[in-house]
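Have a look at the structure below before the remarks.
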Amino acid sequence: MSPAPATRHAQPSAAGMRPAAATRPGLRDTRREDHENNKLSKRLHRLAGQAIADFDMIGEGDRVMVCLSGGKDSFGMLDILLGLQKRAPVRFSIVAVNLDQRQPGFPADVLPTYLQKLGVEYHIETEDTYSTVQRVIPDGKTKCSLCSRLRRGILYRVADELGATRIALGHHRDDILATFFLNIFYGGQLKTMPPKLVSDDGRHVVIRPLAYVEEKDLIRWAEVQQYPIIPCNLCGSQPNLKRAETREMLRLWEKRFPGRLETIFSSLGRVRPSHLMDRTLYDFNTLRSGDDAED
C-alpha cells in the first residue's frame, strides 16, 4: 500500500514567513511558562543552598529529618533538599517524618502514598495529641501554642530514635519576619526564628533551609508540583489573630513600599549591638572618651 500523497499548500512569500511558534500562541505560552518554572526552581534551590552554606546547616554524613506536615512549605522543603542532595559537595541522608496527631478527617494515606512514589525514606509517627489539646484548652481559645509544644517534644524523641543529626523545619523568610515583629509588638524583644539553633533539650540541631525563600515562591512552586496539600485547619482551632494581623501589615507594607521587606530582612543579619540598648551584648560602662568610635 503506497503512502497517501502529501497535501499541497500555498507557500507564503519570504516577507510573510514567520517562525512556527509565532503562529501558535498556545505553544508560545507553554514555553514561557516552562521558562518561568525553571527560573523559579533555580531560585528556590539557590536560596536554600545559600542559607545552608551561610549557616553551615548540613555537613558530611548528617542525617536530616525533614518534618513533613503536608503543607506547601514542608513539601517544598523536602523537594528542594532532595534536589540539593544530588549535587551537594557533602553527602547526607534524608528521612521524611510526619506526625499523625489523630485530628478528625486527617487523610492518613496521603503522605505514605506520596512518599512511596517519591522513593524517599519516611516514618509516620502516630500520637493522639489532638485529644490532649482539646481537653486542656477551652473552646474558642487558640490551641496552636500547646499543640506546637507537644509536637516539638515528640519530634525530638523521634529524631533520637531515627538517629537524625539535623531536624529541618519549613519556616520561610515571611515567617521569620512576622515572628520578628510579633516579638517586638507583644514580647518586647528583638528576636525571631533563627536559621539554625540548638533544640530546647540541648541534644539536637534544628535548621530552617528555607530561611531566605519568600512564601509567594513556595505557593507558586506548590502549584507547579501539584503537591497533595493537607489542610492545616483540621483541628478546628481558632486562627492566630496576632500573627494574621502582623502578616497582613507586612503584606500592605510590601504593596505600598516594594522592597521594604527585603531591606528589613537584610537588617537581621547586620546587627550593631553598640547602637542598641542591651547591656548584656555590649559593655557601655567601659566606654571612655578617646575610645575608637564604632559604626
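Numbers in the working numbering are just positions in the sequence shown, counted from 1, shifted up by 1.
Beta carbons are placed, not taken as given, at the ideal position from N, Cα and C, and that holds for glycine.
Check	Outcome
Cross-strand partners of residue 217 (DSSP beta bridge)	Residue 217 pairs with nothing; no bridge assigned.
Buried/exposed call for residue 187, threshold 16 Cβ in 10 Å	exposed
Cβ pair residue 104, residue 128 closer than 8 Å	no
Which of helix, strand or coil DSSP assigns to residue 249	helix
Three-way DSSP call (helix, strand, coil) for residue 200 in this model	coil
Buried or exposed (CB count within 10 angstroms, at least 16 for buried), residue 220	exposed
Rounded straight-line distance, which links the Cα of residue 226 to that of residue 8	In this predicted model, residue 8 has a pLDDT of only 40, less than 50, meaning its place in the structure is not dependable; the value taken from the coordinates is given anyway. Distance between the alpha carbons of residue 8 and residue 226: 41 Å.
Residue of 175, 198 and 166 minimising C-alpha distance to residue 265	175
Residues that DSSP places opposite residue 127 in a beta bridge	101
Residue 274 to residue 197 span [Cα, whole Å]	20 Å
Residue interval of the beta strand (DSSP E) (run including residue 59)	First-last for residue 59: undefined, no H or E at that position.
Other residues of its chain near residue 48: CB distance less than 6 Å, five sequence neighbours each side excluded	213 and 214
Distance, residue 244 Cα to residue 287 Cα	40 Å
Euclidean distance between Cα positions of residue 184 and residue 246	13 Å
Residue 154 to residue 231 span [Cα, whole Å]	22 Å
Spatial distance of residue 248 from residue 166 (CA atoms)	32 Å
Neighbourhood of residue 179 by C-beta, 8 Å cutoff - its chain only, sequence neighbours within 5 removed	244, 247, 248 and 251
Cβ pair residue 64, residue 42 closer than 8 Å	no
Where residue 145 sits in the DSSP three-state scheme	helix
Proximity below 8 Å, CB of residue 177 to CB of residue 58	no
Alpha carbon of residue 53 to alpha carbon of residue 156, nearest angstrom	21 Å
Within 8 Å, strictly: CB atoms of residue 71 and residue 111	yes
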